Amino acid sequence: MVVNNYLTTYLLLLLVFSLRHCSGLDRPSTTASTRHKPLILSSSSSSSSLDKSSHQKATQTTSSNMKNEQICIIGSGNWGSAIATVVGRNAHRLSFCNNQVRMWVFEEDVQINNNSHQTAKLSNVINEQHENIKYLPGVKLPENVKAIPSLEEAVRDATVLIFVLPHQFLPKLLPTIRAHVNPTRCHGISLIKGLDFDADTKLPVLISKSIENVMGNQFRCGVLMGANVADEVARQRTCESTLACDFGSDSVNERIRQIFDEEHFRVSRITDVAGAEACGALKNIIALGAGFVDGLNLGGNTKAALLRIGLLEMTKFCTMFFEGVEKGTFMESCGVADLITTCYGGRNRKCANEFAKRRGVEPAYLDSESCTKLWSAIESDMLNGQKLQGTLASQEVYHLLRARNLLDEFPLMTAIYEISFEGKPVNTIVDGIRTHIESTAIPLSKL
């Protein structure tokens, strides 16, 4: 969808002003290389062959006792395949990386030709055609990216694990991963946008922390979050992303950053893992609300209000439930930028838009089972095997807030859940916006 440039600029300025005004945040702008302490653009992806003249190994200074990094990408969906294009190119040119990038593939049969019933194993197709024809069609992967259906083989002796798959699949995979890597030599980066919840306390737990808990005390996991629509990243449309990590060494932090950073995919580093990761999960909930607004054709003003209020509720949730969250994190690509991108172009917005259209105005209320079936049908029809994360996050966050009597403090997130799973009319999304505004208004008696 093409968005009016004036509206987009106004929306961004409104969000920035709102956050600065409400949080007291007002720091001078800095370059990516000096933004946080300790700190520690050409374009065709149509060819799979790596240009030897332009991809010579970078002359990196590394200590003699540091071995080359063996990178493994765990997941080969839309985003996993897209980030493989970036990491594959970088691994080829960086002297401290092994050339081959392994990508674990959940094996499945895929149709080779739309006009035939011939099928082949997805891993074989990727390795032979250098294209993920199911999840990232039309984009050639670097030839040094190898699809491997065996998890044990893919992760064996890896030193950098990039997690990029729906988080509900992690519990079954992590024990196998732990058995085949050295946690003292291996570092993790999660691109997963979701939250876990403690079985006993019911409190939210970062996915990166859940990974660390299974992998062992010496294993550390950071996150990469940002305004990164997978197809645009894969096609080398210039964007930025936020790496949140602290592996205890400036040199290690910088090596990890360079694995992701390139001309069209600029990566800055911060240390606020909790803030960056929580933003990545919560923005998917707000994107559902944006989809409802679009499905009802409520217009740009309503959507701008929803994004502003959504950002405020995200900020409040993060600071309420996670320690060490920094206000500045919300001004990074992982914060406000990711929220805007997801609410205009992400799969959660797209599916919520379709939900609003299929749901209609009648009946006035829909039972929860019918709501769940409707979401499942939309996911099946529109996502080509991918999973919708916003609905799951909405359910988890709602149950947490209800258990702690906090629903009134998060009226927008509450309204989004009630529309999605309690069958309330889609047009009640405006109630979530109005209620938030009313709750923050100054009574006339105090003016």
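Using mature numbering (1 follows the signal peptide of the UniProt record, and there is no 0), the letters of the sequence shown correspond one by one to residues -24 to -1, 1 to 423. Beta carbons: idealized from backbone N, C-alpha and C, even for Gly. Since the model is a prediction, treat every value here as computed from it, not as a measurement.
For G286 against C327, the beta-carbon gap comes to about 17 Å, at or over 8 Å, which does not count as contact. DSSP places C327 in the helix class (H, G or I) of the three-state scheme. Counting C-beta pairs with one atom in each stretch, the segment 196 to 204 and the segment 302 to 318 have three or more that are closer than 8 Å, which means they touch. When DSSP states are grouped into helix, strand and coil, A220 belongs to the strand group. Closest option to D176, judged by alpha-carbon separation, among R213, L70, V209 and A379: A379. By alpha-carbon distance to E83, the top candidate from K97, N74 and H93 is K97. In this structure, the alpha-carbon of R211 lies about 7 Å from that of V115. With a cutoff of 8 Å on beta-carbon distance, I246 and A254 are scored as not near each other. For the options T295, Q371, A281 and Y111, the alpha carbon positioned closest to that of G408 is the one of A281. Between the C-alpha atoms of W351 and D226 there is a straight-line separation of about 45 Å.
If you look at Q105, you'll find it in the alpha helix (DSSP H) that goes L98 to Q105. In the assembly as shown, N273 is an exposed residue. Its beta-carbon has fewer than 16 other beta-carbons within 10 Å.
Within the same chain, and ignoring the five residues on either side of F173 in sequence, the residues whose Cβ sits closer than 8 Å to its Cβ are L179, P180, V181, E372 and L376. Inclusion of I168 and F139 in the CB contact set at 8 Å is warranted, their separation being smaller than that value.
Per DSSP, the beta-bridge partners of I246 are A220. Taking C-beta separations shorter than 8 Å and ignoring five residues to either side along the sequence, the partners of N66 in its chain run C73, Q234, I235, F236, D237 and E238, following chain order. If you ignore the 5 residues before and after T278, its C-beta comes within less than 8 Å of the C-beta of V269, V406 and I409, all in its own chain and listed in chain order. The C-alpha of G198 lies about 7 Å from the C-alpha of L219. Judged by DSSP secondary structure, R196 falls within the beta strand (DSSP E) whose first and last residues are R196 to M201.
Between A313 and the set G256, G300 and R323, the nearest pair of CA atoms involves G256.
Between H240 and L383, the alpha-carbon positions lie close to 41 Å from each other. The alpha-carbon separation between S57 and Q105 amounts to approximately 14 Å. Bounds of any beta strand (DSSP E) do not take in R213, whose DSSP letter is neither H nor E.
Take N324, set aside five residues on each side of it, and the residues of its chain with a beta-carbon closer than 6 Å to its own are N260, A263, L264 and G366, in chain order. Taking the Cα of R242 as reference, the smallest distance to any Cα among N229, N403, F223 and V209 is reached at V209. Residues V140 and L141 of the same chain have their beta carbon placed closer than 6 Å to that of G51, with the five preceding and five following residues left out of the count. For F139, the enclosing beta strand (DSSP E) stretches over residues V136 to F139. Relative to N103, the option among H93, R161 and N120 whose CA is nearest is N120.
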